[in-house]
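Q: Take a look at this one; I'll ask things after.
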Amino acid sequence: MAKIGGFFVCILVVALDVGAGICGIEAEIAENKVEHLRVLIFECKEPSHEAFLLGAAAAGLMALAHVISNLLGGCFCICSLDDFQKASPNRQLTIACFLFSWLILAVGFSMLVIGTLANDKSRASCGFTHHHMLSIGGILCFLHALFSVSYYVSATATFSDDK
1 MAKIGGFFVC ILVVALDVGA GICGIEAEIA ENKVEHLRVL IFECKEPSHE AFLLGAAAAG
61 LMALAHVISN LLGGCFCICS LDDFQKASPN RQLTIACFLF SWLILAVGFS MLVIGTLAND
121 KSRASCGFTH HHMLSIGGIL CFLHALFSVS YYVSATATFS DDK
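Residue numbers are given in this note's numbering: position 91 of the sequence shown equals residue 91, and the series is strictly consecutive.
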């Protein structure tokens, strides 16, 4: 029964991250549909409400997928490099996937938030261009799915090995 539950957790995390990635890419497409004037590195454009909503949905889905994989995957403490080197290969893989998933979350979530805030109605002004923030954040959602599922699977394998 635990294997079936783990399979559904993996499918849920992948579905949330894929949904976030698609929303991020669609937000970039919606953002590119609005009229804008560009002079060198400065750009004046109207915010896109559709891009704002899709970007916010992408950021929310990515955060939810991360919370689910980390809460259900558990936590493994490695306090020093010596502990890491003495750990089993499963535990090393768990820690590596954990760190990469957090790194990808930090970069991807930040890009999605920056792209989303650029489309906020109160920010209808001119400034520096923030091109492709939403689409790069959306692509990082797909990569986040890979490392989050890898973390969950390796964490549950490490937990069963420790018993």
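Virtual Cβ for every residue (Gly too), placed ideally from N, Cα, C.
1. Which residues in the same chain as His-66 place their Cβ atom closer than 6 Å to its Cβ, once the five residues preceding and following it in sequence are excluded?
2. What separation, rounded to the nearest whole angstrom, lies between the Cα atoms of Thr-116 and Val-107?
3. Is Leu-61 near Leu-99, with beta carbons less than 7 Å apart?
4. Is the Cβ-Cβ distance between Tyr-152 and Ser-101 less than 7 Å?
5. From Glu-28 to Ala-87, what distance separates their C-alpha atoms?
6. Using the Cβ count rule (16 or more neighbours within 10 Å means buried), how would you classify Gly-5?
7. Count the other CB atoms, across all protein chains shown, that sit within 10 Å of the CB of Glu-46; report buried if there are 16 or more and exposed otherwise.
8. Which residues bound the alpha helix (DSSP H) around Asn-119?
9. Within 10 angstroms of the Cβ of Cys-44, are there 16 or more other Cβ atoms? Answer buried if so, exposed if not.
10. If I measure Cβ to Cβ from Val-113 and keep anything under 7 Å in the same chain, skipping five residues before and after, which residues do I get?
11. Can you tell me whether His-49 is buried or exposed? The criterion is at least 16 other CB atoms within 10 Å of its CB, across all chains shown.
A: Let me lay it out:
1. Once the five neighbours on either side are set aside, the close Cβ partners of His-66 are Leu-105.
2. Roughly 14 Å between the two C-alpha positions.
3. For the 7 Å CB-CB criterion, Leu-61 and Leu-99 do not form a contact.
4. Cβ distance not < 7 Å, so Tyr-152 and Ser-101 don't count as in contact.
5. One alpha carbon belongs to Glu-28, the other to Ala-87, and they sit about 43 Å apart.
6. Classification of Gly-5: exposed, given that the 10 Å Cβ count is below 16.
7. Burial is judged here by how many other beta carbons sit within 10 angstroms of a residue's own beta carbon; Glu-46 has fewer than 16 and is exposed.
8. For Asn-119, no alpha helix (DSSP H) run applies, since DSSP gives it neither H nor E.
9. Under the 10 Å beta carbon count, Cys-44 is surrounded by fewer than 16 other beta carbons and is classified as exposed.
10. Cβ within range, chain order: Ala-59.
11. His-49 should be labelled exposed.
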